[in-house]
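In what follows, a structure is listed as structure tokens, so that the remarks can point back to it.
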Amino acid sequence: MPVEPSSPADSVPSSADSTPADPPRGEARRRFLQRSGLGIAAALAASSAATVHAAGVAAADANAVKLSLIQDPNTEQKEQTPDPNLPPDDRVGYAIVGLGRLSLNQILPALSQCKYSKVAALVSGDRAKALKIARQYGVRESAVYDYQSFEQLANNSDVQVVYVVLPNSLHREYTVRAAKIGKHVLCEKPMATSVADCQAMIDACRQANRKLMIAYRSQYEPMDRMIAKMVKDNQLGPLREFIASNSQNVGDPTQWRLNKALAGGGALPDIGLYCLNAVRFITGREPDQVIATVSRPDNDPRFREVEAGVHFILSFPEGFTATCAASYASHESRFFRLQGAQGWAEMDPAFGYNGLRLRHGLLVDGKNAVTELQIDPQDQFAREIDHMSSCVKRDAMPHTPGEEGLQDQRIMEAIYESARTGRAVPIARPTSPTRGPEPDEETF
Ligand code: NDP
303 MPVEPSSPAD SVPSSADSTP ADPPRGEARR RFLQRSGLGI AAALAASSAA
353 TVHAAGVAAA DANAVKLSLI QDPNTEQKEQ TPDPNLPPDD RVGYAIVGLG
403 RLSLNQILPA LSQCKYSKVA ALVSGDRAKA LKIARQYGVR ESAVYDYQSF
453 EQLANNSDVQ VVYVVLPNSL HREYTVRAAK IGKHVLCEKP MATSVADCQA
503 MIDACRQANR KLMIAYRSQY EPMDRMIAKM VKDNQLGPLR EFIASNSQNV
553 GDPTQWRLNK ALAGGGALPD IGLYCLNAVR FITGREPDQV IATVSRPDND
603 PRFREVEAGV HFILSFPEGF TATCAASYAS HESRFFRLQG AQGWAEMDPA
653 FGYNGLRLRH GLLVDGKNAV TELQIDPQDQ FAREIDHMSS CVKRDAMPHT
703 PGEEGLQDQR IMEAIYESAR TGRAVPIARP TSPTRGPEPD EETF
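Here it is as structure tokens:
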């Protein structure tokens, strides 16, 4: 739940997503439980959970199992009792649209780990595959649709959110169709393949008074969030450089990622976007200008339509720069380093689903000290999906709404223009904040 005090950067643009003023932590938790149907007594009990934890009990609402604490709560990490999970009937239901790699390998397994979310329907062009998946995840056969019968989701009251996991150029169509039938939308990155499509998606959801969130999972990933907090707390001093790279060797030349009409571009919108979005959300800054190049190896059948590689340098106010590279033709390598006048923080690997590592360097007692932070792995997709569910339950604006995807798309179009013209291209600052309030770490 977004209950941290809102900074100017966190104040919310006016849109169909009405954003209540951020209440205090306990209050937000109580309201969430109330709206989630857990009952007033249980909700009030849960609102004092922090106190109860300190007193030695892990969870306090009527639906939670109470466990005594065996570790010293003053010195040991809090036990991870999943509190307050919602009973299945109270969870926000998702229709997963497009059953490809991301849906099967990440999203559906992550839904099993969610606290507030569940899979309620599947949409696929391959009914045999969809029925197999439906059996695995307990989805009713009558809740399996194809692209032609998509609008029948309107009659399925178990579905509140449509999760669009299709090739990039189809995101607009299915977001607009979902909004028209009254469903909220969680849409995979990149948001779309043009600024016009991004705007049309925002407009459609606004007109239908439905929420639109772009699935920027890294913005819900704990290590990335720690670095953003270091920046907010000025631990690195004035920021100087961000250096990032994201690469992987693509195979099959016939896949949609190498088809311009379906993908919108090559390495840039698929993996370069991680570098671009990371520098924006970690620093909370917006670039003014970009200079870029794109590249393609000669005679490589994979890159007839899209770029293999992209390099771009973003200039920000006060001399801060971001130098980013992405490649579809290099061995997997993903990292970033943020350098400030008084320290640096890096993730290597960065951007992946798991195995992430965070190190930072500072001067300590006159010595260059490097620290590696190790924290329990948490499923980024589950956190991201549960954030959307909490926004639906509380009628709040998502942390990564359509405006966030639109700004990235504007910058990607400037990157391509710079590569085409060989000139630096100015980038207009967004006229209002592109992100909603910060998610709350306790309930997400
Ligand atoms: P896949 O190719 O593995 O799956 C896409 C699915 O879309 C297909 O399996 C198919 O599902 C459906 N589809 C409908 N029309 C088409 C079409 N014309 N061509 C191909 N597929 C079609 O892609 P991914 O799952 O890897 O990617 C889907 C989206 O998720 C993309 O936008 C991508 O950028 C994003 N993504 C995000 C990641 C993240 O970490 N956030 C990581 C990977 C991808 P069916 O057979 O069921 O109809």
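Under this note's numbering, the final residue of the sequence shown carries the number 746; numbering is consecutive throughout. In this text, a Cβ means the ideal position worked out from N, Cα and C, and glycines have one as well.
If you look at Leu564, you'll find it isn't in any beta strand (DSSP E); it sits in the alpha helix (DSSP H) that goes Lys562 to Ala565. Using a 10 angstroms sphere on the CB of Ser414, the tally of other CB atoms stays under 16, which defines it as exposed. Three or more pairs of CB atoms, one per stretch, sit closer than 8 Å, so the segment 686–695 contacts the segment 403–423. Proximity of the segment 487–496 to the segment 463–471 meets the contact definition, three or more beta-carbon pairs being nearer than 8 Å. Under the Cβ criterion (8 Å, minimum of three pairs), the segment 669–682 does not count as touching the segment 534–550.
Under the three-state reduction of DSSP output, Ile593 falls in the strand class.
For Met515, the enclosing beta strand (DSSP E) has its first and last residue at Leu514 to Ile516.
Assigned with DSSP and collapsed to three states, Gln438 falls in helix. Lys380 has its alpha-carbon roughly 9 Å from the corresponding atom of Leu371. Here the segment 717–737 makes contact with the segment 587–604; the two share three or more CB pairs at distances below 8 Å. Across the structure, Gly657 and Arg403 are spaced so that their CA atoms are roughly 19 Å apart. Here the C-alpha atom of Cys489 lies approximately 38 Å from the C-alpha atom of Val672. Secondary structure at Asn387: coil, using DSSP grouped into helix, strand and coil.
For a cut-off of 8 Å, the C-beta gap from Pro700 to Lys513 is around 6 Å, short enough to register as a contact.
Contact check for Thr736 against Glu706 passes: the beta carbons are separated by less than 8 Å. Distances from the CB of Val464 to the heavy atoms of the ligand NDP are all 7 Å or more.
Straight through space, the alpha carbons of Phe583 and Arg474 are spaced by roughly 24 Å. Distances from the alpha-carbon of Tyr576 to those of Tyr439, Ala652 and Leu455 put Ala652 closest. By the C-beta criterion, the segment 432–445 is judged not to be in contact with the segment 659–668, since fewer than 3 inter-stretch pairs fall below 8 Å. Separation of Ala647 and Ala445 (C-alpha to C-alpha, rounded to the nearest whole angstrom) is 46 Å. In chain order, Val727 place their CB closer than 6 Å to the CB of Glu719, counting only its own chain and leaving out the 5 sequence neighbours on each side. By the neighbour-count definition (other C-beta atoms within 10 Å, threshold 16), Gln557 is an exposed residue. Around the beta carbon of Gln644, fewer than 16 other beta carbons sit within 10 angstroms, so the residue counts as exposed. For Trp646, the shortest C-beta to heavy atom distance toward the ligand NDP is 7 Å or greater. Closer than 7 Å to some heavy atom of the ligand NDP: that does not describe the Cβ of Val446. Uninterrupted alpha helix (DSSP H) stretches at least 4 residues long and entirely within the segment 405–433 occur at 410–413, given in chain order. If you draw a 10 Å sphere on the C-beta of Val367, you find fewer than 16 other C-beta atoms in it, and that means exposed. In this chain, Thr477 is not harboured by any beta strand (DSSP E); it is covered by the alpha helix (DSSP H) spanning His473 to Lys482. Across the structure, Val466 and Ser549 are spaced so that their CA atoms are roughly 24 Å apart.
Annotated as proximal: Val581 and Ala546, with beta-carbon spacing under 8 Å. Distances from the CA of Tyr655 to each of Val394, Asp374, Phe614 and Pro524 were compared; the closest alpha carbon is that of Pro524. A residue is called buried when at least 16 other Cβ atoms come within 10 angstroms of its Cβ; Lys531 does not meet this threshold and is exposed. Under the DSSP assignment, Met503 falls in the alpha helix (DSSP H) whose first and last residues are Val497 to Gln509.
In the three-state DSSP reduction, Asn376 falls in the coil class, being neither helix nor strand.
Look at Pro703: its beta carbon is at least 7 Å from all of the heavy atoms in the ligand NDP.
Counting of Cβ neighbours within 10 angstroms places Asn579 among the buried residues, the total reaching 16 or more.
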